[in-house]
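Undergrad: Let me give you the structure first, and then I'll get to my questions.
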Ligand code: GLU
């Protein structure tokens with residue numbers, strides 16, 4: 061069996077879209093599973109719309125997801141000579157011809173066809189002409205007529221188009237530049253691509269491309285057209301449904317493994333399993349198990365997966381990933397508790413790193429204000445006494461971990477006939493400014509007794525003032 065060679069071929073006209081990332085992922089998985097080759101090809105022949113920024117954004121998105129490629133990035137703009145060479149070969153072989161029909165003529169014929177209820181199609185005026193007038197021309201493919209063009213799509217099954225419907229495609233424009241379908245065929249053939257996995261918005265290009273392969277004497281690759289991703293309203297996923305850029309998900313605090321896991325499940329399944337490590341995905345992936353219908357993007361499920369990977373993630377790595385989210389909140393971790401301990405105390409609860417960063421701020425920046433609505437629920441005299449007792453006991457107890465501290469508070473409650481909420485809630489406010497925070501014992505363990513007592517005393521003074 062020939063080794064699998066696949067490619068991801070984005071057009072650099074924007075960021076890496078989650079749909080593109082999923083196409084890249086399916087290609088990557090097939091290559092990794094079979095020990096094949098994954099190629100990255102930048103389709104930048106549309107010079108007007110292609111930008112360096114987009115190329116960088118696409119590469120950045122792929123790198124962040126860990127979709128490493130084995131060859132490339134190749135740039136179609138480097139291949140113009142190659143395309144020209146093949147246009148010439150086709151002209152020489154008679155599988156392509158010069159067409160001098162002017163835009164006006166073509167428009168007129170198209171309008172007429174529409175009026176007469178016929179499908180507009182190039183009428184072949186220049187197909188058989190022997191003279192070659194000295195006039196601007198495009199090069200057209202002499203598309204085989206009659207019969208049908210069919211292929212067995214690895215996802216969608218057999219797809220057939222009557223050759224009748226396929227135009228004599230322009231392969232080179234008047235200005236000498238090659239057209240999209242032509243470049244794709246030449247590249248896929250020259251790069252010896254065995255399996256073309258791409259979005260199903262390209263299904264209509266495939267029969268034309270197959271005819272070109274055949275005319276050029278190239279082996280036709282296999283095709284797998286991946287259904288679209290839709291928003292909750294069943295319209296194609298776009299910005300109005302929320303973020304669609306891979307890097308936006310990074311910035312919103314998603315982990316690459318969560319997004320990868322989410323994307324692989326979007327259209328592909330393996331029994332009822334939901335959680336897949338990279339290794340499992342590679343081992344279990346089968347392009348034949350990708351569903352035929354479009355999938356709906358579900359942010360709740362992505363959040364659930366992200367929470368799972370945060371909960372089970374390595375705290376040291378999460379700490380590194382959390383840093384930029386803290387910097388953007390003007391939090392410096394140079395002093396204060398070890399970030400890894402902070403991460404451990406928040407891992408259970410955060411759905412995203414953004415959420416974790418929000419909750420981590422108080423560990424480094426002592427509260428400058430308090431949730432007064434919550435604080436005024438307690439009697440002032442009680443607060444003054446309780447804060448003083450707790451501060452004193454914290455300093456003298458020798459407690460050293462979260463469980464010790466929690467036990468200490470239970471003892472304090474028993475000794476003073478206080479109920480736990482009378483101690484826990486005001487302490488939480490003293491330590492974090494608000495009422496949403498991890499367990500008190502946990503906070504003090506991470507903050508350290510000294511800092512905890514400093515904050516408790518500050519709150520006692522604030523209440524007394
Ligand atoms: N450049 C095309 C796109 O970004 C992909 C073409 C292909 O995969 O054949 O939609």
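In the working numbering, the protein residues as written are 61 to 525. C-beta atoms are modelled at their ideal positions from N, C-alpha and C, and glycine is treated no differently. Given the structure is predicted, the values throughout are model-derived calculations rather than measurements.
Just the C-alpha distance for residue 296 and residue 511, rounded to the nearest angstrom, thanks.
TA: The alpha-carbon atoms of residue 296 and residue 511 are separated by roughly 52 Å.
Undergrad: Which residue's Cα is closest to the Cα of residue 392: 131, 369 and 423?
TA: Ranking 131, 369 and 423 by Cα distance to residue 392 puts 423 first.
Undergrad: Spatial neighbours of residue 98 within its chain, please: CB distance less than 7 Å, with the 5 preceding and 5 following residues excluded, ordered by chain position.
TA: Excluding sequence neighbours, residue 98 sits near 66, 87, 88, 91, 129 and 130.
Undergrad: Does the beta-carbon of residue 372 have 16 or more other beta-carbons within 10 angstroms, so that it is buried, or is it exposed?
TA: Label assigned to residue 372: exposed.
Undergrad: Answer yes or no: the CB of residue 256 versus the heavy atoms of the ligand GLU, is any distance below 8 Å?
TA: At least one heavy atom of the ligand GLU is nearer than 8 Å to the Cβ of residue 256, so yes.
Undergrad: With hydrogens ignored, establish whether the beta-carbon of residue 71 is closer than 8 Å to any heavy atom of the ligand GLU.
TA: Yes, the Cβ of residue 71 comes within 8 Å of a heavy atom of the ligand GLU.
Undergrad: Let me know the beta strand (DSSP E) ranges lying completely inside the region 257-339, each 3 residues or longer, listed in chain order.
TA: DSSP runs (the beta strand (DSSP E)) wholly in the region 257-339: 282-286.
Undergrad: On the DSSP letters alone, give me the boundaries of the beta strand (DSSP E) that residue 217 sits inside.
TA: That run of the beta strand (DSSP E) goes 217-222.
Undergrad: Just to confirm my understanding: we take residue 353, look at its own chain, exclude 5 residues before and 5 after, and list those with CB closer than 8 Å. What are they?
TA: Closer than 8 Å at Cβ, skipping near neighbours: 287.
Undergrad: Return the CA-CA distance between residue 447 and residue 421, expressed in angstroms with no decimal places.
TA: Distance between the alpha carbons of residue 447 and residue 421 is about 23 Å.
Undergrad: For residue 255, which beta-bridge partners are listed by DSSP?
TA: Paired residue(s): 282.
Undergrad: Could you tell me if the beta carbon of residue 264 falls within a distance shorter than 8 Å of some heavy atom in the ligand GLU?
TA: Residue 264 Cβ: outside cutoff for every heavy atom of the ligand GLU.
Undergrad: What residue ranges within the region 401-474 form continuous alpha helix (DSSP H) runs of no fewer than 4 residues, ordered along the chain?
TA: Listed in chain order, they are 413-424, 432-435 and 440-457.
Undergrad: With residue 417 and residue 347 assumed to form a contact (beta carbons below 8 Å), what rounded beta-carbon distance in angstroms separates them?
TA: With 8 Å as the limit, residue 417 and residue 347 do not qualify as a contact, their Cβ atoms being about 38 Å apart.
Undergrad: What is the DSSP secondary structure of residue 163, counted as helix, strand or coil?
TA: Helix at residue 163.
Undergrad: Nearer than 8 Å: is that true of the beta carbon of residue 103 relative to any heavy atom of the ligand GLU?
TA: Yes, the ligand GLU has a heavy atom inside 8 Å of this Cβ.
Undergrad: Can you give the Cα-Cα distance for residue 432 and residue 503, rounded to whole angstroms?
TA: Each residue's Cα considered, the two are about 20 Å apart.
Undergrad: Taking 9 Å as the threshold (C-beta atoms), are residue 507 and residue 520 in contact?
TA: Taking 9 Å as the Cβ cut-off, residue 520 and residue 507 do not qualify as a contacting pair.
Undergrad: Taking its Cβ as the centre, do 16 or more other Cβ atoms sit within 10 Å of residue 114, making it buried, or is it exposed?
TA: Classification of residue 114: buried, given that the 10 Å Cβ count is 16 or more.
Undergrad: Whose C-alpha, out of 480, 72 and 291, is nearest the C-alpha of residue 101?
TA: Cα-wise, what sits closest to residue 101 is 72.
Undergrad: In the DSSP assignment, find the alpha helix (DSSP H) that holds residue 140 and state where it starts and stops.
TA: From DSSP, the alpha helix (DSSP H) with residue 140 extends over 140-153.
Undergrad: Just to confirm, does residue 191 get its C-beta within under 8 Å of one of the non-hydrogen atoms of the ligand GLU?
TA: Flag unset: Cβ of residue 191 not near the ligand GLU.
Undergrad: For my contact list, residue 306 and residue 76 are in at a C-beta cut-off of 8 Å; report their separation, rounded to the angstrom.
TA: The pair is a contact, with the Cβ atoms about 5 Å apart (cut-off 8 Å).
Undergrad: Is residue 261 near the ligand GLU, going by C-beta to nearest heavy atom under 8 Å?
TA: Within the cutoff, so yes.
Undergrad: Excluding sequence positions up to five away, which residues of its chain have a Cβ less than 6 Å from the Cβ of residue 322?
TA: For residue 322, where only same-chain residues beyond five positions count, the Cβ hits under 6 Å are 362 and 365.
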